[in-house]
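Chains as they are written, first to last, in the working numbering: chain A, 1 to 297; chain B, 1001 to 1311.
We put the CB at the ideal spot given by N, CA and C, even for glycine.
What follows is a short report on a single structure.
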Amino acid sequence: MSKSERPSQLFRNLNAKIASIPMIFTALVIFVGGTVWTVFYSFTNSKLLPRLHFVGLDQYYRLWATPRWLISIENLLIYGVLSLVFSLVIGFLLAALLDQKIRFEDTFRTIFLYPFALSFIVTGLVWQWLLNPEFGVQAVVRSLGWTSFSFNPLYDSSIVIYGILIAALWQGTGLIMCLMLAGLRGIDEDIWKAARVDGIPTWKTYLFIIIPMMRPVFITTLVIVASNIVRVYDLVVAQTSGGPGIASEVPAKYVYDYMFFAQNLGQGFAASTMMLLSVIIVIVPWAYLEFGGKKRV
Amino acid sequence: MSDHVVSLPAIGGAGGLEAYGPSGPKPRHTFSRRNIFLYGTLIVVALYYLLPLYVMVVTSLKGMPEIRLGNIFSPPMEITFEPWVKAWSSACTGLNCDGLSRGFWNSVRITIPSVILSIALASVNGYALANWRFKGADTFFIILIVGAFIPYQVMIYPIVIILREVGLYGSLSGLVIVHSIFGMPILTLLFRNYFTSMPEELFRAARVDGAGFWGIYFRIMLPMSLPIFVVAIILQVTGIWNDFLFGVVYTRPDTYPMTVQLNNIVNSVQGVKEYNVNMAATILTGLVPLIVYFLSGKLFVRGIAAGAVKG
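Right, dumping it as structure tokens:
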């Protein structure tokens, strides 16, 4: 009897356990294992192949002394802060406009969201063409008579990151708008009625009642946008290839280039660990706020 | 928040954006100042969003002489489909000059198995998490969801090593596995939430009737959850088709997906730049996700909203 009892603990729900093997593998081997492996090897001086020759924090010292990395970080900060602010503001404004019980709401929403279906490669290439100094926006404005007009972000290293920002906003604000619209629709109609009865102007209702009520939506959006910002890679590759010179480099591209072109794995690992660290800085406070109090996931 | 919503509990529920259309009284005064401002703004913004698509199409239909002379916004004087033909069948990337068609078929061969495999794995996972919880299952699930926020760059190289060890590095199957792995967090979440929301009596009744894990999955859960499968397919087709990073890391030049090949065609340094061919190639690459997007309509929105808001 006891013989058939003992294995039942392990074999209970056996099918469910078998079905979960891919998930367990992904969670433990790829996500946990892969991350630990990369962090671990970032303390070695691996070049072409990973080697276990520890050099302490050398890779990190070298990383933070590399101009290209510093430019990447600076770009990421500018791009990150501006794209957060602009995509939240524009996304919310568009959502508020669409929430006015307008006609053709579906048409407008379809138009605002379609760039999101396109890849960053396509986005980057289209905007590379639109911002082309010889044929694009600059040339068109000049041909209209304003000959001194200058808007050439992709070949001007001091503003190239803004050229990328324009493309990124075009691609991504539709998503933010959709999230905000869902948040606005989740607000009880009675609140609007109460505000109207009290004679509060619409903009004040939005600013002091609706937006505070949408705090959870804003926070989740913030987290999604922030974790996408750290990953920005394809867009830069397509639009500028990091140029002119190294003016539009970003950390994700640094990692890729050092791992697969420069054959300097250690640098790549150290740089990717720094990326991980920046994500942790964003995620942990959020997770703490969101799940810290309650025991619910 | 909940203490405000005492009345009408049915409205405040998890309906989301498309369950209820616009409600309330019909708008009056079609040409009021407010409406002119409202629609004016929306139309201007809509034009801005459509502009790049328009320029892409227009440029791809012009000949190179016309592009050099004219303005990128002007419609073509002479419509030519030559750039499209060239982009599809003879544009060059490095030594290969067989156009984007190779990349297209590679992408098809990557996307279809990846979508099927990732959804099959994730739906069964979600089902196990919703109905057959075992000890530790939730821990793995939390790791999976948290892992979705880890930058891919951190995990790229260990996966290269694993794939090399099993002999799949550089092959399409390797890339299919990678897509299935990275699609798992969001899809598992999607399916778990959907299956959790299904009535439990259904599951219990099937158990009483003697159905097992797979029996319930195939005979009850699968037929009842077609909408969520459609959402997952939309999400995955666009996501995998648009991927660039995994394609460039885990495949070789002859198996590059379309996005990688497109980038190589357009950003190649050799030769004269043919902007019309480049734009035709760009549209061709964007066409599949665009078609999926326009056909799926609200389901697309539901997919990203379900994935994003709860992520």
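Using a Cβ cut-off of 7 Å, which residues of the region 1251–1277 of chain B contact any Cβ in chain A, in chain order? Residues of the region 1251–1277 of chain B that bring their beta carbon within less than 7 Å of a beta carbon in chain A comprise T1259, L1262, N1263, V1266, N1267, Y1275, in sequence order.
What are the start and end residues of each continuous alpha helix (DSSP H) run of 4 or more residues lying completely inside the region 1110–1152 of chain B, in chain order? Within the region 1110–1152 of chain B, the complete alpha helix (DSSP H) runs of at least 4 residues fall at 1137–1147.
Should Y233 (chain A) and A252 (chain A) be called a contact, given that it needs their Cβ atoms to be closer than 8 Å? Going by C-beta atoms, Y233 (chain A) is nearer than 8 Å to A252 (chain A).
Status (buried if at least 16 other CB within 10 Å, exposed otherwise) for M1056 (chain B): Buried.
Do G124 (chain A) and A167 (chain A) come within 8 Å of each other at the CB atom, strictly closer than that value? Yes; because the gap between Cβ atoms is below 8 Å, this pair is in contact.
Determine whether the Cβ of Y256 (chain A) lies closer than 8 Å to any Cβ atom of chain B. By this cut-off, Y256 (chain A) is an interface position.
Have a look at K295 (chain A) and W286 (chain A) and give me their C-alpha separation to the nearest angstrom. Bear in mind that the predicted position of K295 (chain A) carries a pLDDT of just 47, short of 50, making it unreliable; the figure below should be weighed with that in mind. One C-alpha to the other measures close to 15 Å.
Taking CB distances under 8 Å as the criterion, tell me whether L1038 (chain B) reaches chain A. L1038 (chain B) counts as touching chain A.
Just to confirm my understanding: we take V1115 (chain B), look at its own chain, exclude 5 residues before and 5 after, and list those with CB closer than 8 Å. What are they? The beta carbon of V1115 (chain B) lies closer than 8 Å to those of I1233, Q1236, V1237, I1240 in the same chain, with the five residues before and after it left out.
Expressed to the nearest angstrom, what Euclidean distance is found between the alpha-carbon atoms of A19 (chain A) and L1121 (chain B)? Between A19 (chain A) and L1121 (chain B), the C-alpha separation is close to 8 Å.
Using a Cβ-Cβ cut-off of less than 7 Å, give me the residues of the region 1169–1189 of chain B that come near chain A, in sequence order. When C-beta distances to chain A are compared with 7 Å, the residues of the region 1169–1189 of chain B below that value are I1181, M1184, T1188, in chain order.
For F54 (chain A), does the three-state DSSP call read helix, strand or coil? Residue state, collapsed to three classes: strand.
Taking any Cβ of chain B, which residues in the region 58–77 of chain A have a Cβ under 7 Å from it, in chain order? Within the region 58–77 of chain A, no residue has a Cβ that lies closer than 7 Å to any Cβ of chain B.
For chain A, find out if any of its Cβ atoms is closer than 8 Å to the Cβ of A1232 (chain B); answer yes or no. Not an interface residue.
In chain B, which residues lie less than 7 Å from Q100 (chain A) when you measure between Cβ atoms? Here the neighbours are L1038.
For G1040 (chain B), verify whether its CB is less than 7 Å away from any heavy atom of the ligand HEM. This structure lacks the ligand HEM, and indeed carries no ligand of any kind.
When DSSP labels each residue in this structure, what does G1170 (chain B) get in the three-state scheme? Here G1170 (chain B) sits in strand by DSSP.
Mind listing the chain B neighbours of M23 (chain A)? Cutoff is C-beta to C-beta under 7 Å, in chain order. Correct list: N1125, F1140, L1144, M1184, T1188.
Reducing DSSP to helix, strand and coil, say where T1251 (chain B) ends up. Of the three classes helix, strand and coil, the one that applies to T1251 (chain B) here is strand, per DSSP.
Between V250 (chain A) and the rest of its own chain, which residues show a CB-CB distance below 6 Å, the 5 nearest in sequence each way excluded? Same-chain partners within the cutoff: S72, N75, L76, V232, V236.
Is the shortest distance between the beta-carbon of N1106 (chain B) and the beta-carbons of chain A less than 8 Å? Taking 8 Å as the CB threshold, N1106 (chain B) stays off the interface with chain A.
Taking 8 Å as the threshold (beta carbon to beta carbon), is W1214 (chain B) in contact with chain A? Residue contact check for W1214 (chain B) against chain A: a CB pair falls below 8 Å.
T1093 (chain B) versus L1290 (chain B) - alpha carbon distance: Answer to the nearest angstrom: the Cα atoms are 25 Å apart.
From this set, A:Y206, A:Y258, A:V39, A:Y79, which residue's C-alpha is nearest L57 (chain A)'s C-alpha? The alpha carbon of L57 (chain A) has as its nearest neighbour, out of A:Y206, A:Y258, A:V39, A:Y79, the alpha carbon of A:V39.
In this structure, does DSSP put N1096 (chain B) in helix, strand or coil? The answer is strand: DSSP assigns N1096 (chain B) an E or B state.
Under the rule that 16 or more other beta-carbon atoms within 10 Å means buried, what is V160 (chain A), buried or exposed? The residue in question, V160 (chain A), is buried, as its Cβ has 16 or more Cβ neighbours within 10 Å.
Taking 8 Å as the threshold (beta carbon to beta carbon), is D198 (chain A) in contact with chain B? False, the Cβ-Cβ gap to chain B never drops below 8 Å.
C-alpha gap between F1300 (chain B) and M1279 (chain B), whole angstroms: In a straight line, the C-alpha of F1300 (chain B) is about 26 Å away from that of M1279 (chain B).
Leaving out five residues on either side along the sequence, give the residues of the same chain with a beta carbon under 7 Å from the beta carbon of L1202 (chain B). For L1202 (chain B), where only same-chain residues beyond five positions count, the Cβ hits under 7 Å are I1220.
For chain A, find out if any of its Cβ atoms is closer than 8 Å to the Cβ of G1286 (chain B); answer yes or no. Yes, its Cβ sits closer than 8 Å to a Cβ of chain A.
Under three-state DSSP, which class holds L14 (chain A)? Residue state for L14 (chain A) is assigned as helix, using DSSP reduced to three classes.
Taking C-alpha atoms, which residue in B:T1188, B:S1197, B:N1242, B:V1044 lies nearest to F1140 (chain B)? Taking only the C-alpha atoms, the option nearest F1140 (chain B) is B:T1188.
4-residue-minimum alpha helix (DSSP H) runs that sit fully inside the region 1153–1228 of chain B, ordered along the chain: 1172–1196, 1200–1208, 1213–1216, all fully within the region 1153–1228 of chain B.
For K1310 (chain B), is the classification buried or exposed, using 16 other Cβ atoms within 10 angstroms of its Cβ as the cut-off for buried? Interpretation of K1310 (chain B) is limited by its pLDDT of 43, a score under 50 that renders its predicted location unreliable; the figure taken from the coordinates is listed afterwards. Counting other Cβ atoms within 10 Å of its Cβ, K1310 (chain B) stays below 16 and is therefore classed as exposed.
Per DSSP, which residues does T44 (chain A) bridge with? Please list them. Per DSSP, A:F54.
Kindly indicate the opening and closing residues of the alpha helix (DSSP H) around P1065 (chain B). Note, P1065 (chain B): alpha helix (DSSP H), 1064–1069.
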